[in-house]
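One structure is given below, encoded as C-alpha cells.
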Amino acid sequence: MQSGINQHAALPGELLGVVVPKVREPQVVTSPSAAAGQAAGVARQEKLDQRLTAVLRGLVSGFACDAADFYTLNAASNELALRSHYHAEEGEPGAARRKLADARADIAAMSGSAIVLEDDVQVAGWPVPVWCGAAICLPVASDETIHGTLWLYSSQPRSFADAEIELAEVVAGRLAVELELNAWRAAGNGGNDPAPAPQPATDEAPSSRPAASPTTTARIARPASNPLVDEWELAGWTTDGLAPQAFYDWQTLPDGRTLVVTGSIDCADPMAEGWLQAARIALRAHAGDATDAGELLTSANHTLWLASPGGEGLAVSVAMLDVDGTHASVAMAGAAGFARWRASSCDWSSTSCPPLGWSERAVYSQSRVELMVRERLVLTSAVTPISEKREASRLSSRLRHNSPDELRAMPGKRALRLFAEAAHSVGKRPAGLALVRRR
7 MQSGINQHAA
17 LPGELLGVVV
27 PKVREPQVVT
37 SPSAAAGQAA
47 GVARQEKLDQ
57 RLTAVLRGLV
67 SGFACDAADF
77 YTLNAASNEL
87 ALRSHYHAEE
97 GEPGAARRKL
107 ADARADIAAM
117 SGSAIVLEDD
127 VQVAGWPVPV
137 WCGAAICLPV
147 ASDETIHGTL
157 WLYSSQPRSF
167 ADAEIELAEV
177 VAGRLAVELE
187 LNAWRAAGNG
197 GNDPAPAPQP
207 ATDEAPSSRP
217 AASPTTTARI
227 ARPASNPLVD
237 EWELAGWTTD
247 GLAPQAFYDW
257 QTLPDGRTLV
267 VTGSIDCADP
277 MAEGWLQAAR
287 IALRAHAGDA
297 TDAGELLTSA
307 NHTLWLASPG
317 GEGLAVSVAM
327 LDVDGTHASV
337 AMAGAAGFAR
347 WRASSCDWSS
357 TSCPPLGWSE
367 RAVYSQSRVE
377 LMVRERLVLT
387 SAVTPISEKR
397 EASRLSSRLR
407 HNSPDELRAM
417 PGKRALRLFA
427 EAAHSVGKRP
437 AGLALVRRR
C-alpha cells in the first residue's frame, strides 16, 4: 500500500481515459404519467441513499473506525461531491464539494493507488476532507467507469493490515455496483439486474497470479502456493455456471497450522463474486487468531455481516489442520458439509448453522477429526444435507467404483472429480470442493 504518489502520473478524470457518470437535468412534470415516473425516481434515489449509508455504516463498524465519506466525480471531471456519509457519533461530514485539482489523495486513488495514512504526520501531508488521526482513500470504480472515492477515518492513529485494505476495496466495489444497478433500473430495465458472463469450470493447479479486482468478473484467485506441511495433500475444484459461484483456498498460518476452505454463494447479484472474495479475505485475516474452525467462522461471519447489512449468505466449509499432521478442526456454515472418504466407505456430516454473513448473532461450532493415513477429508459447499441412509449408501457405493488400490493411488484433483460425479448421481450438486488427504 502506498502513502505517497507520483504527482506527474495523477491526472484529472477526463484525462484518465475513463467514462464518468452523467448528471441528468431536472425534468418539468407535464402529465400524470410523468409525475408518477418522477415519484418513482425519487423513491429509487431514497432507497439508494439508504443502501449506501448502510454500506458505510457496516464499513465503519467492522473496522472500528469513526466515520466514512463517499465522494462522486461530476460530469465535467473537475469536482467531487459528497454522495453519502456516516459517522458513528453524528459528527460533521467532509466538505460537500471539493475541487478535484486540490484533491491530490483522491486523484491518486482514482489512478489506482490506495492512499493509507496511519498517523498525524502522514495525515498532515495530504489534503484530507476531515481532520483525523488515520485515514484510507480508495477508488470507487468498475471496469469502465470511475465513480469517485471512498474515505474511511479514524480519530486516533492506527495501522491497517493488508487484509483490511483488501476488504475495504471489496466494500468500495459494492458502492460502485449500487450506483450502476440504480442507473440500470432508472434506464427502464424493469428492475432486472445485468448478469455477468458465464465462467468456465476450473480445477487448475495453484498459480502465482494476483487476486482479481472484486469489481471485475474474473475468477476468484486460487491459492498462491502449496502449504509448507508435507503431511497433507491438498486439492480444489469448482463447478461452472453463473450460480452458484464458488472458490477454494488454503494457506499456512504463522503457527504452522494449515487453513483449507471452500465456499459458494447462490445468487445472480453482480457483486456475488465480490462477496466470495470478501469471505476469502475475512477468513484469511481471522485465521491466525482463531483457536479452531468454529471460532474462525464466527469471527469471519461478524465481519461479513457488518460489511453487508442484511446478509448475503455464503455456504462455507473450513478445516484447520494441526501441526502434527494427524488432527483437524472442521466447521460449516449454510449448505455445506464434509465427508471422510476411505477405500471402503464414505461418512457424511452436515450442519444446520446459518450461512456466513446471514445473522449477526450466529455462533459456529467445530468438529474434531483424526484422519487415518491415506484417508481423504472432502469439504463441500452448496450441497444440501444427505439425510437419508439410502442416499449415503448410494454415494458410498459410487465412490467404491474403483478398486481400493486405484483409489489410494488416485491424485487429489481426479478424486474430487470422481466425488463430484458421485454426488451428482444422488441428486447433490456441489459448487465447490476442497480435499485434504493425510499422506
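One gets the numbering used here by counting positions in the sequence shown from 1 and adding 6 to each. C-beta atoms are modelled at their ideal positions from N, C-alpha and C, and glycine is treated no differently.
Do the CB positions of residue i and residue j come within less than 9 Å of each other?
i, j, result
"V267", "V324", "yes"
"P145", "R104", "no"
"D353", "A345", "yes"
"G343", "E397", "no"
"G294", "L441", "no"
"D272", "A114", "no"
"L181", "V61", "yes"
"E175", "R445", "no"
"L187", "G68", "no"
"E184", "T332", "no"
"Q251", "A278", "yes"
Should residue i be labelled buried (16 or more other beta-carbon atoms within 10 Å of its own) or exposed?
i, result
"P417", "exposed"
"S387", "buried"
"T297", "exposed"
"W137", "exposed"
"S447", "The structure shown does not extend to residue 447, since the chain spans only 7 to 445, so no value can be given for it."
"S165", "exposed"
"A284", "buried"
"G100", "buried"
"R89", "buried"
"E6", "The structure shown does not extend to residue 6, since the chain is modelled only from 7 to 445, so the question has no answer here."
"Q257", "buried"
"V129", "buried"
Taking C-alpha atoms, which residue in the options lies nearest to residue i?
i, options, result
"E124", "G100, A107, D168 and A109", "D168"
"A82", "H93, A115, A107 and G100", "A107"
"S119", "K105, P436, V127 and I142", "I142"
"I287", "R443, G269 and C273", "G269"
"W157", "A189, T304, V183 and D72", "D72"
"R414", "T258, W256 and R382", "R382"
"M378", "D330, L54, E184 and T304", "D330"
"A421", "A349, R290, A368 and V389", "A349"
"L86", "L187, Y77 and E170", "Y77"
"R435", "R423, A368 and Y370", "R423"
"V464", "Q257, H292, L282 and W364", "Residue 464 lies beyond the residue range present for the chain, which begins at 7 and ends at 445; the question has no answer from this structure."
"T244", "V122, K53, A426 and R406", "A426"
"S64", "E366, I121, R110 and E239", "For clarity, residue 64 is Gly in the given sequence; the question names Ser instead. Ranking E366, I121, R110 and E239 by Cα distance to G64 puts E366 first."
"L439", "N307, A321 and T264", "A321"
"A368", "N307, R406 and V129", "N307"
"T59", "D75, R50 and A70", "D75"
"P410", "E376, W347 and P260", "W347"
"V375", "S335, E412, K419 and V389", "S335"
Pull up the CB-CB distance for residue i and residue j, whole angstroms please, since I reckon it's below 8 Å.
i, j, result
"S160", "G179", "Wrong, their Cβ atoms sit about 22 Å apart, outside the cutoff."
"A339", "P360", "7 Å"
"P133", "A111", "7 Å"
"Y370", "T304", "5 Å"
Legend entry - Minimum length 3: unbroken beta strand (DSSP E) runs contained in the stretch 359 to 418: 373 to 376 and 382 to 387
Inset, instruction - Could you tell me which uninterrupted beta strand (DSSP E) segments, each at least 3 residues in length, are contained entirely in the stretch 259 to 341, listed from first to last along the chain? - result: Entirely contained in the stretch 259 to 341, the beta strand (DSSP E) runs reaching 3 residues are, in chain order, 264 to 271, 321 to 327 and 333 to 339.
Legend entry - Continuous beta strand (DSSP E) assignments of at least 3 residues falling wholly in the stretch 88 to 126: You should have 103 to 105 and 121 to 123.
Legend entry - Contained alpha helix (DSSP H) runs [length at least 4] in the stretch 154 to 184, N- to C-terminal order: Counting only runs of 4 or more, we get nothing.
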